[in-house]
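Trainee: Here it is: the structure, laid out below.
Numbering (my numbering), first residue to last: 1217 to 1555.
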């Protein structure tokens, strides 16, 4: 007779199940094989010296330089290293989200793989979150940047000023990868596209109370930078998207309908003026003003209808259980491993 499979011992004895770590460190990477051994070693040294349990979730974003094989090799001797290898290059936002989907710790720290941020700063960020429970997130500020290339400094400076002016969240350095969050804030964030540049804004929208902390910065010693001056233009486009979602996600009619009314109102006034002139016996058929009035009214009506469709879709999403419209201030942190 076939024997029944033995039950999982962790189900019979819950205490035997491994405890989730206190800290999850998420590092996305693309073609960083040269920096990987130093990165893993320095993160391990910094966290082991702090006495906190931790995991390093290293997300390889479709690298072609042997990074996946190197990650698996390093993980054989380090149970706290968890490699995640994506099928292809999806971009930094998707890589970060893949890491966020797998975090298990009370605190979540993000870090770039190029070692320009110093892993030794991580324990200090965690200590401050412990000491100040009113804070939900700490964002690194590279006060003394060591980047020599203007193609990195100039886009970052322009982007920081633009984002701070347009959003009202005043940070000196949105682009610093070194950030620390309480777990429940990360659980509320969903990244796609290029939204990793706006993590502080998304965290703020999720209810996070954010502070900025000066951190060390080093010149890139190995590998090649993936950023250039064209990044500034992409930031502007992504900022338009973020501002729309932050301000009008739950009231799209106010965005589309408001713009529609601004356009339709002068169109109606133009047509009314031309109607009065028509009644007075003047010919209006060949006047460009007639075409302008008709176009303004039509475009304005289309925008109002687009806003109404957006309202219907928003209500279907929320009423169908797609998500909550709010977050609680004292929501408990997520226990256990993420699905």
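In this text, a Cβ means the ideal position worked out from N, Cα and C, and glycines have one as well.
(1) Provide the residue(s) that pair with residue 1323 in DSSP beta bridges, ordered along the chain.
(2) Can the beta-carbon of residue 1182 be found less than 8 angstroms from the beta-carbon of residue 1429?
(3) Can you give me the C-alpha to C-alpha distance between residue 1240 and residue 1273, rounded to a whole angstrom?
(4) Figure out for me which residue from 1347, 1309, 1330 has the closest Cα to the Cα of residue 1408.
(5) Output needed for residue 1397: all residues of its chain with C-beta closer than 6 angstroms, excluding positions within five of it in sequence on either side, in chain order.
(6) The beta strand (DSSP E) spanning residue 1356 covers which residue range?
(7) Can you tell me whether residue 1458 sits near the ligand ADP, meaning its C-beta is under 7 angstroms from at least one heavy atom of the ligand?
(8) Just to check my reading of the structure: residue 1252 and residue 1286 have Cβ atoms closer than 8 angstroms, yes? What is that Cβ distance to the nearest angstrom?
(9) Alpha carbon to alpha carbon, what distance is there between residue 1459 and residue 1383?
(10) Check whether the Cβ atoms of residue 1334 and residue 1465 sit closer than 8 angstroms, and answer yes or no.
(11) Going straight from the alpha carbon of residue 1299 to that of residue 1291, what length do you get?
(12) Can you tell me whether residue 1406 is helix, strand or coil according to DSSP?
(13) For residue 1280 and residue 1256, what's the separation of their Cα atoms in angstroms?
(14) Tell me where the beta strand (DSSP E) around residue 1298 begins and ends.
(15) Within this structure, are the beta carbons of residue 1356 and residue 1389 separated by less than 8 angstroms?
(16) Check the C-beta distance from residue 1473 over to residue 1520 and give it rounded, since I have them as a contact under 8 angstroms.
(17) Below 8 angstroms between beta carbons: does that hold for residue 1490 and residue 1512?
(18) Starting from the N-terminal side, write out each stretch of the alpha helix (DSSP H) that is 4 residues or longer and does not extend beyond the region 1476 to 1532.
(19) Could you check what DSSP says for residue 1231 in three-state terms: helix, strand or coil?
(20) What residue does the beta strand (DSSP E) around residue 1560 start on, and which one ends it?
(21) Where DSSP assigns a beta bridge to residue 1429, which residues make up the other side?
(22) Tell me whether the beta-carbon of residue 1394 lies closer than 8 angstroms to the beta-carbon of residue 1416.
(23) For residue 1243, count neighbouring Cβ atoms within 10 angstroms of its own Cβ and tell me buried if that reaches 16, exposed if not.
(24) Near residue 1493, which residues of its chain fall below 7 angstroms by C-beta distance, leaving aside the five closest residues on each side in sequence?
(25) Which residue wins for smallest C-alpha separation from residue 1563, given the options 1488, 1510, 1467, 1332?
(26) First and last residue of the alpha helix (DSSP H) that includes residue 1416?
Mentor: Straight from the coordinates:
(1) 1239, 1398
(2) Residue 1182 falls outside the range modelled here, since the chain spans only 1217 to 1555, and no answer is possible.
(3) 7 angstroms
(4) Proximity to residue 1408 across 1347, 1309, 1330 peaks at 1309, based on C-alpha coordinates.
(5) 1324, 1353
(6) 1353 to 1357
(7) The ligand ADP is not part of the structure shown, which contains no ligands of any sort.
(8) 5 angstroms
(9) Between residue 1383 and residue 1459, the C-alpha separation is close to 7 angstroms.
(10) No, Cβ-Cβ distance for residue 1334 and residue 1465 is not below 8 angstroms.
(11) Rounded to whole angstroms, residue 1299 to residue 1291 spans 7 angstroms at the Cα level.
(12) coil
(13) 19 angstroms
(14) 1297 to 1301
(15) yes
(16) 5 angstroms
(17) no
(18) none
(19) Only weak support exists for where residue 1231 lies, its pLDDT of 49 falling under 50; the value from the coordinates is given anyway. Helix at residue 1231.
(20) Summary: the structure shown does not reach residue 1560, with the chain confined to residues 1217 through 1555, and so no result is reported for it.
(21) Paired residue(s): 1356.
(22) no
(23) buried
(24) 1500
(25) No information on residue 1563 is available, as it lies outside the stretch 1217 to 1555 that the chain covers here.
(26) 1415 to 1421
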